[in-house]
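Undergrad: From first to last, the protein sequence lines are chains A, B and C.
If you read the first sequence in our numbering, its first letter stands for residue 545, the second for the next number, and so on.
If you read the second sequence in our numbering, its first letter stands for residue 27, the second for the next number, and so on.
If you read the third sequence in our numbering, its first letter stands for residue 136, the second for the next number, and so on.
Glycine is no exception: its CB is placed at the ideal position from the N, C-alpha and C atoms.
Structure below; questions to follow.
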Amino acid sequence: MMRDIVVIGGGASGLAASISAKKKGKDVLLIEREDTLGGILNQCIHNGFGLEVFKEEYTGPEYAHKFVEEFMDLKIDYLINTTVIKLDKNNDDFIITLSSKELGIKNITARSVIISSGCYERTRGQISMPGDRPNGVITAGSAQRYLNINGYMVGKKVFILGSGDIGLIMARRMYLEGAEVLGVAEIMPYSNGLNRNIVQCLNDFDIPLYLSHTVTNVEADEFKKLKAITIQQVDERFNPIPNTEKHFEVDTLLLSIGLIPDITLLDDLYVEVDPKTKSAKINQAYETSVKGLFICGNSLQVHDLVDNVSKESTRAGISASDYLDGLVKDRKKIAIKPGKNVLYVAPQYLDFGWEDKDLLITFRSSKKIEKAIVKVYQGEALVYQKRRAFIVPAEMETLSFAYQELNQDQDLMIEIEEV
Amino acid sequence: MKEFICIVCPRGCRVVVDDNMNISGNQCKRGEIYVRNELSNPTRILTTTVKTIYPEIPRASVKTSEPIPKGLLMEAMKEINKVTIEKEMKIGDVVIENILNTNVNIVLTKEIKRKEEEK
Amino acid sequence: MYDYIVIGAGVIGSCIARELSRYQLKVLVLEKENDVANVQSLANSAIVHSGHNPEPGSLKAKLSVWGNKLYEDMEKELDIPLIRTGAFVVAHNEDEEEQLIELAKTAKINQVPEFSILNYNEAVLIEPNLSKTITKVLSLPTTKVTYPWEVAFAAMENAIKNGVEFKKNALVTAISKENKKFQVTVNNKKIYETLNIINAAGVASDDIASLIENNVKFKIKGRKGEYFVLDKRVKGFVNHVLYPLPTELGKGVLITPQVHGEILLGPNSLEVEDKYHPTTSYDGLAYVKEHASMLAENIPFNQIIRSFAGIRSTSDYDDFYIKESLEYTNLYHLGGIDSPGLTACFAIAKYLVNDVMNVDQKYNINPNFDPYRKKRKLFHRLSNEEKLALISEEPLYGNIICKCEKITEKEILDAMHGPLGSNTIKGIKKRTRAGAGLCQGGYCEEKIMKMIAKEFNLSPLEVAYDKEETKLFVSETKVKL
Chain A
545 MMRDIVVIGG GASGLAASIS AKKKGKDVLL IEREDTLGGI LNQCIHNGFG LEVFKEEYTG
605 PEYAHKFVEE FMDLKIDYLI NTTVIKLDKN NDDFIITLSS KELGIKNITA RSVIISSGCY
665 ERTRGQISMP GDRPNGVITA GSAQRYLNIN GYMVGKKVFI LGSGDIGLIM ARRMYLEGAE
725 VLGVAEIMPY SNGLNRNIVQ CLNDFDIPLY LSHTVTNVEA DEFKKLKAIT IQQVDERFNP
785 IPNTEKHFEV DTLLLSIGLI PDITLLDDLY VEVDPKTKSA KINQAYETSV KGLFICGNSL
845 QVHDLVDNVS KESTRAGISA SDYLDGLVKD RKKIAIKPGK NVLYVAPQYL DFGWEDKDLL
905 ITFRSSKKIE KAIVKVYQGE ALVYQKRRAF IVPAEMETLS FAYQELNQDQ DLMIEIEEV
Chain B
27 MKEFICIVCP RGCRVVVDDN MNISGNQCKR GEIYVRNELS NPTRILTTTV KTIYPEIPRA
87 SVKTSEPIPK GLLMEAMKEI NKVTIEKEMK IGDVVIENIL NTNVNIVLTK EIKRKEEEK
Chain C
136 MYDYIVIGAG VIGSCIAREL SRYQLKVLVL EKENDVANVQ SLANSAIVHS GHNPEPGSLK
196 AKLSVWGNKL YEDMEKELDI PLIRTGAFVV AHNEDEEEQL IELAKTAKIN QVPEFSILNY
256 NEAVLIEPNL SKTITKVLSL PTTKVTYPWE VAFAAMENAI KNGVEFKKNA LVTAISKENK
316 KFQVTVNNKK IYETLNIINA AGVASDDIAS LIENNVKFKI KGRKGEYFVL DKRVKGFVNH
376 VLYPLPTELG KGVLITPQVH GEILLGPNSL EVEDKYHPTT SYDGLAYVKE HASMLAENIP
436 FNQIIRSFAG IRSTSDYDDF YIKESLEYTN LYHLGGIDSP GLTACFAIAK YLVNDVMNVD
496 QKYNINPNFD PYRKKRKLFH RLSNEEKLAL ISEEPLYGNI ICKCEKITEK EILDAMHGPL
556 GSNTIKGIKK RTRAGAGLCQ GGYCEEKIMK MIAKEFNLSP LEVAYDKEET KLFVSETKVK
616 L
C-alpha cells in the first residue's frame with residue numbers, strides 16, 4: 545500500500561509534521577525507533593519549553609505530552625520499536641526499509657518522506673581530545689538519559705566540557721542528585737548557553753565557569769577508569785596556552801560540545817548537503833534537492849528552542865501535503881547565501897514553484913553584535929532589512945517577507961551590518 | 027555592590043545594586059523587579075524526578091508548581107527522594123502537597139501509565 | 136598439571152594456543168586483561184603486510200611472508216574478515232625512487248610473490264586520490280587488511296573448542312621452577328603447575344621474563360603509535376594501503392582502509408616511558424595529519440570519529456625474539472613482537488611450536504582436532520532475502536540495537552554467550568561493532584547495558600565497560616544503600 549507521507553522520527557519535529565499533514569487530509573505513517581513517542585523531550589525534565597507555542601512554560605515531558613495527545617486524537621498511524629535501515633527513491637516514489645522484531649524487514653512505499661530524525665551529540669573522538677581513553681568520558685545527553693529516565697548516576701565527581709545548555713542543565717542536575725560538580729570549561733570566550741542557565745545552573749551552586757578553556761589531558765587509573773583531567777586556557781586560535789594548566793580529580797567528564805544533525809538516512813540518496821548546517825540544503829518549503837523529500841527540526845538545523853522546531857515542522861508537514869496536491873508548478877530556484885557576519889542560512893534556495901508562502905529564513909550570526917541591521921540583498925538591490933538590538937550566535941534568528949516580487953534570476957544574500 | 031545577570035529575557039542585562047540599594051544597568055522594569063526579588067527572596071522552580079514502583083518506568087519527572095525559596099532546593103530534593111509512586115497518575119497530579127510548608131506542591135510532569143502488556 | 140601455560144592472549148598467544156591444540160596436550164592460557172586481544176592486538180593498523188621490508192634472512196621477513204600466505208587458509212578455516220587491498224609504497228622524488236628500487240630488491244629476496252613499480256600516472260588510475268606529489272609507487276598486491284581482534288577471537292575460540300583452557304583477569308605475579316616443573320602464580324593467589332611456559336605477554340613480556348630470570352635477554356621499549364579513524368562514509372576514498380618509505384622508526388604514517396569501511400590514518404612512532412598508557416597528544420595527532428597528507432589529496436579530516444593510540448612492543452633485539460630461555464629449559468619467550476606481528480601471527484605459532492619447541496616430536500597429534508570455526512553471520516551484509524529467512528527463525532534479528540552500524544539484538548546476544556562471550560560494553564563492541572560507529576555508542580550503550588543486565592542476571596549497577604572496576608554507574612538515585 546502506497547502511503548502519502550512517511551515521517552521518520554517521533555520526537556517534537558515528527559509529531560508536529562505528522563499533525564499538520566494529517567490535518568490537511570493526508571495519509572501519514574510515523575516511524576519511531578524507541579518504544580515511546582516524544583524523542584529527546586522525554587529526558588528534558590527541566591522547564592523552558594512552550595513559551596511561544598503555548599504561552600506557558602512547560603517541562604520537556606509536558607510539552608511532548610501535548611503533541612502526543614493531539615497526535616493520538618487525530619488517530620495518525622505509527623510504528624514504534626521500528627528502525628528505518630534504508631531510504632531509497634525509485635522514479636517518483638520512496639522505498640523505506642523498516643526493521644523491527646514484529647515486522648522483520650519490510651519495505652514500504654510512500655509518495656513523500658519527511659525526515660525528523662533529530663541530531664546526535666558530538667563525541668570525544670570527533671574533537672581528538674588528547675590523553676588516555678578511559679571509561680568515564682560520556683556525552684551530557686547520554687548521562688541525562690541514564691539519570692532522568694533510568695535513575696542512575698554516572699559519577700560523583702564531575703567536570704563538564706562545554707557551556708551549551710545541555711552542559712549547564714546537567715551541571716545542576718548532577719549537583720541536585722548529590723554529585724560534586726567541580727566546574728564547566730568552555731573553549732569560547734563566552735558561553736553559548738542561555739543566561740538563565742548560567743545563573744540557575746552554575747551561579748546558584750557556585751559551580752565555576754572557565755571561559756576560554758578546554759580539556760587538554762585525560763588521565764586513567766590502572767583499571768582504565770577516569771581519574772583526572774587537565775584544562776588549559778586557549779588563545780584566539782584555540783591553541784592551549786602553556787603554564788595555564790588546572791588539574792581536577794574527577795570520575796566523570798561530561799561532554800556538551802555540540803549537536804550534529806543526523807542525516808545518515810540520506811546515505812543512499814544523492815542529496816545536496818550544506819557543510820555549514822551539516823544537513824541537507826532545502827528550499828523554503830523544507831524540501832531537499834530530492835523532490836518530495838522533506839527535512840525539518842534538529843535534522844535540518846540544531847535549534848535552541850523546541851517551539852521553533854514545532855513551528856518549522858508544522859510548516860514542513862503542510863509543504864509535503866501541498867507537494868502531494870500538485871500545488872508546486874514551474875519550479876525555478878535562486879540561491880540564498882550567507883554574507884557578512886552570517887554563519888549560515890536556511891533555506892539555501894528559494895523555489896518560485898511553491899506559491900503563497902512568505903519566505904521565512906532562519907540564520908545565525910557568526911559573532912555577537914549589538915545594534916545590528918539585518919539586510920537582504922538581491923544583487924545590488926536591498927530587498928529587506930530589519931533592525932535588531934542584539935544578535936548572538938547562540939540564538940537562531942528568523943526573518944520573513946513576501947518574495948513574489950523578487951526577480952527569478954539573481955541570488956539573495958543575507959548580511960548583518962554593525963551600526 | 028552586587029552584580030546580577032537578569033534572566034527575564036534573552037538580553038541578559040548586567041544589573042548593578044549599590045550599597046544604598048540603587049539599581050542600575052537594567053533596560054526595563056522587569057529587570058528591577060527580578061533583582062529586588064533576588065536580593066530579598068530568590069526563588070526557583072525545582073525540576074527533578076521521583077521513583078516509581080514500576081520497573082519499566084523507574085523514574086517520573088516532577089516539578090514545583092510555583093517557585094520556592096532557593097535555599098530550600100536541597101531540602102526539597104531530600105523530601106522528593108523519599109517518595110515512591112505506587113499507582114498510575116496523570117500530568118499535574120500532586121505528588122507531595124505543600125512541600126516544606128511553602129504552600130507549593132510537587133506535581134507530576136510525566137504521565138505514569140502502564141502499557142497493557144506490562145500489567 | 137599442564138603441559139603448556141601460555142601467558143598472554145593477544146593474537147600471538149591465541150594463535151599459539153590453537154597450534155598447540157593440534158596435539159594431545161593440556162594447555163592453559165592466562166590473560167591479565169578482562170578479554171582476549173585487549174592491548175597491542177587491539178590498537179594497530181590491522182594490516183597483513185606483504186613482507187617487503189624486513190631485513191632479508193630475518194625471522195620478521197620469513198614469518199611475515201609465510202604468515203601472509205597462511206591468512207588465505209585461515210580466512211576459510213577460521214572465518215576471519217580479510218580484504219585484499221594491495222598496497223602502494225610511495226616515492227616523491229628521485230632520491231625516494233632509488234629507495235623504492237632497493238625496497239623492491241628486498242621484496243624479491245624475501246620472496247614476496249608479487250610486486251611491481253608503477254609511475255604516478257599508472258597508479259593514479261587505480262587510486263584516484265593519490266597525492267599529486269608522488270612520482271612512483273611500489274605496488275604490493277599481496278597486502279591485505281584484517282580485523283585483529285577477530286583474528287584473536289577466532290584462534291582462541293577454536294583453541295578452546297579443541298580443548299585449551301582460557302582464564303582472563305589472570306595476572307601472572309610469580310614464576311618459579313622446582314623439580315623440572317614451573318609454578319606459575321596468578322593474582323598473588325592461585326598457583327598452576329606446568330612443564331612448559333610460553334611467554335607471549337607483549338609489552339609486558341620482559342617483565343614476565345624477569346619474574347624468574349636473572350638476566351632477561353631482551354628489553355621492551357614501548358613505541359607509541361597514534362591514529363585517527365575516519366567514518367566508514369569515506370569508504371572508497373583510498374582502496375590500497377598507502378605507505379611512505381620506511382625509516383628506522385618504522386613503516387611510517389599510513390592510510391589504511393579497514394574491513395568495515397573506515398579508514399585509519401597513522402601511526403606516528405614515539406618512544407615512551409610508560410608502556411602501559413598509550414595516550415594521544417596534540418603533537419602526535421598533528422604529526423599524523425601532516426604526514427598522511429603526503430600520501431593522498433584532500434583527506435576528509437572532517438570525518439574523523441575517533442583517535443586512539445597503541446604501544447608497540449619494540450625490543451632492543453633487532454628481530455622477533457622467539458627463543459628458549461637461556462637460564463631455564465622449557466621456558467620460551469616471544470619478545471619484541473611488533474610489526475609485522477599481526478601479519479606473522481599464524482607463522483609465528485607454527486615456527487614456535489614446530490621449529491623451536493619441537494612439539495610434534497614430543498607429543499601425539501590430537502585426533503579430534505577440528506580446524507574450523509563456525510561462520511558468524513554479519514547480518515547487515517546479507518541480502519534482504521537472506522535476512523528475511525533468518526528473521527523468520529529468529530525475530531530478534533529484526534530488532535536493530537546499534538543504528539549506526541546496523542547491529543541486531545540477536546548478534547549481540549550471540550556475542551554475549553559462547554566460550555569467548557562477553558558481558559562488558561567493550562567486549563560487545565569488539566565482537567559486534569555495536570558502539571563503534573558514528574555516534575560512538577551514544578544511542579546504543581543504554582540498550583546494550585540493559586541487555587547485559589538481563590542476560591547475566593545483573594543489576595545495571597554491576598554492568599561494566601571493561602574490567603569490573605569500570606562500572607558504568609556509581610549509584611542509583613534516591614535509593615538508600
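Examine the Cβ distances between the segment 833 to 842 of chain A and the segment 807 to 819 of chain A and report whether three or more of them are shorter than 8 Å.
TA: Counting Cβ pairs under 8 Å, three or more are found: they touch.
Undergrad: Helix, strand or coil, according to DSSP, for glutamine 709 of chain A in the structure here?
TA: The question names glutamine, but residue 709 of chain A in the sequence shown is aspartate. Helix at aspartate 709 of chain A.
Undergrad: Using a Cβ cut-off of 8 Å, which residues of the segment 98 to 130 of chain B contact any Cβ in chain A, in chain order?
TA: Listed by position along the chain: Leu99, Met100, Met103 and Ile117.
Undergrad: Report back the beta-carbon spacing between cysteine 601 of chain A and glycine 592 of chain A to the nearest angstrom; my notes put them in contact at under 8 Å.
TA: Note on identity: in this sequence residue 601 of chain A is glutamate, with cysteine being the wrong assignment. Right, their Cβ atoms sit about 6 Å apart.
Undergrad: Using DSSP's beta-bridge definition, name the partner residues of histidine 757 of chain A.
TA: Note: histidine 757 of chain A sits in a beta bridge opposite A:Gln777.
Undergrad: What in chain B is Cβ-close to lysine 606 of chain C, meaning under 9 Å?
TA: Result: empty, since nearest Cβ-Cβ is about 18 Å, beyond 9 Å.
Undergrad: Over the uninterrupted beta strand (DSSP E) stretch that includes proline 805 of chain A, give me the two end residues.
TA: Element bounds for proline 805 of chain A: 803 to 805.
Undergrad: Tell me whether isoleucine 964 of chain A is buried or exposed, calling it buried when 16 or more other Cβ atoms sit within 10 Å of its Cβ.
TA: This structure gives no information on residue 964 of chain A, because the portion of chain A shown stretches from 545 to 963.
Undergrad: Just how far apart, CA to CA, sit threonine 788 of chain A and valine 728 of chain A?
TA: Approximately 16 Å, taken between the alpha carbons.
Undergrad: Taking buried to mean at least 16 other C-beta atoms within 10 Å of its own C-beta, is arginine 56 of chain B buried or exposed?
TA: With fewer than 16 Cβ atoms within 10 Å of its Cβ, arginine 56 of chain B is classed as exposed.
Undergrad: Is alanine 933 of chain A helix, strand or coil when you go by DSSP?
TA: Three-state result, alanine 933 of chain A: strand.
Undergrad: Using a Cβ-Cβ cut-off of 8 Å (strictly less than) and excluding sequence neighbours within five positions of leucine 926 of chain A, which residues of its own chain qualify?
TA: Closer than 8 Å at the Cβ level, and outside the excluded window around leucine 926 of chain A, lie Lys919 and Val920.
Undergrad: Let me check one thing: in DSSP terms, what residues is asparagine 334 of chain C bridge-paired to?
TA: DSSP lists C:Ile142 and C:His468 as partners of asparagine 334 of chain C.
Undergrad: Which class does arginine 140 of chain B belong to by DSSP, given the choice of helix, strand or coil?
TA: If DSSP states are grouped into helix, strand and coil, arginine 140 of chain B belongs with coil.
Undergrad: What residues of chain C sit near lysine 77 of chain B, judged by a beta carbon separation below 7 Å?
TA: In chain order: Lys613.
Undergrad: Which one of C:Cys574, C:Ala427 and C:Leu205 has the shortest CA to CA distance from methionine 665 of chain A?
TA: According to the sequence displayed, residue 665 of chain A carries glutamate and not methionine. Here the closest residue by C-alpha is C:Cys574.
Undergrad: With a CB to CB cut of under 8 Å and the five nearest residues on each side skipped, what residues in its chain are close to isoleucine 862 of chain A?
TA: Ser564, Ala565 and Lys568.
Undergrad: Determine the direct distance from the alpha carbon of lysine 279 of chain C to that of valine 224 of chain C, and round the result to whole angstroms.
TA: The alpha-carbon atoms of valine 224 of chain C and lysine 279 of chain C are separated by roughly 14 Å.
Undergrad: Which chain A residues sit within Cβ distance under 9 Å of aspartate 342 of chain C?
TA: Those do not exist, as aspartate 342 of chain C stays about 14 Å from chain A at its closest Cβ, beyond 9 Å.
Undergrad: Look at glycine 221 of chain C and histidine 375 of chain C and say whether their C-beta atoms are less than 9 Å apart.
TA: Yes, the pair counts as a contact, with Cβ atoms nearer than the cut-off.
Undergrad: Determine whether the Cβ of aspartate 750 of chain A lies closer than 9 Å to any Cβ atom of chain B.
TA: Closer than 9 Å: no.
Undergrad: According to the neighbour-count rule (16 or more other Cβ atoms, all chains shown, within 10 Å of its Cβ), is glycine 136 of chain C buried or exposed?
TA: Per the sequence shown, the amino acid found at residue 136 of chain C is methionine instead of glycine. Answer is exposed; the Cβ neighbour count stays below 16.
Undergrad: Helix, strand or coil for proline 95 of chain B? Go by DSSP, reduced to three states.
TA: Three-state result, proline 95 of chain B: strand.
Undergrad: Write down every uninterrupted run of the beta strand (DSSP E) in the segment 54 to 118 of chain B whose length is 3 residues or greater and which is fully enclosed by it, in chain order.
TA: List check, beta strand (DSSP E) in window: 73 to 78 and 85 to 90.
Undergrad: When the cut-off is 9 Å and only beta carbons count, does alanine 172 of chain C lie next to chain A?
TA: Judged by the 9 Å Cβ criterion, alanine 172 of chain C is not in contact with chain A.
Undergrad: Going along chain A in order, which residues have a C-beta closer than 9 Å to the C-beta of proline 95 of chain B?
TA: Within chain A, no residue comes near proline 95 of chain B; the closest Cβ sits about 12 Å away, beyond 9 Å.
Undergrad: Taking its Cβ as the centre, do 16 or more other Cβ atoms sit within 10 Å of histidine 184 of chain C, making it buried, or is it exposed?
TA: Buried, since its Cβ has 16 or more Cβ neighbours within 10 Å.
Undergrad: Please confirm if glutamine 922 of chain A has its CB atom under 9 Å from at least one CB of chain C.
TA: Cβ-Cβ to chain C under 9 Å: no for glutamine 922 of chain A.
Undergrad: Give the secondary structure of isoleucine 457 of chain C by DSSP, where H, G and I count as helix, E and B as strand, and everything else as coil.
TA: Of the three classes helix, strand and coil, the one that applies to isoleucine 457 of chain C here is strand, per DSSP.
Undergrad: Taking the beta strand (DSSP E) that asparagine 634 of chain A falls in, what are its first and last residues?
TA: Per DSSP, asparagine 634 of chain A belongs to the beta strand (DSSP E) from 627 to 634.
Undergrad: Measuring CA to CA, which of C:Val200, C:Asp453, C:Val286 and C:Tyr362 is closest to glutamate 383 of chain C?
TA: With distances taken between Cα atoms, glutamate 383 of chain C lies closest to C:Asp453.
Undergrad: Per DSSP, what kind of secondary structure is methionine 291 of chain C in: helix, strand or coil?
TA: Three-state result, methionine 291 of chain C: helix.
Undergrad: Tell me, please, whether the CB atom of threonine 627 of chain A is closer than 9 Å to any CB atom in chain C?
TA: Cβ-Cβ to chain C under 9 Å: yes for threonine 627 of chain A.
Undergrad: Taking all protein chains shown into account, do 16 or more other C-beta atoms lie within 10 angstroms of the C-beta of tyrosine 507 of chain C, making it buried, or fewer, making it exposed?
TA: Answer is exposed; the Cβ neighbour count stays below 16.
Undergrad: Are tyrosine 888 of chain A and arginine 908 of chain A touching if we call contact CB-CB under 9 Å?
TA: Yes, Cβ-Cβ distance for tyrosine 888 of chain A and arginine 908 of chain A is below 9 Å.
Undergrad: Select from the segment 573 to 597 of chain C all residues with a C-beta closer than 9 Å to any C-beta belonging to chain A, and list them in chain order.
TA: So the list reads Leu573, Cys574, Gln575, Gly576, Gly577, Tyr578, Glu580, Glu581, Met584, Lys585, Pro595 and Leu596, given in the order they occur along the chain.
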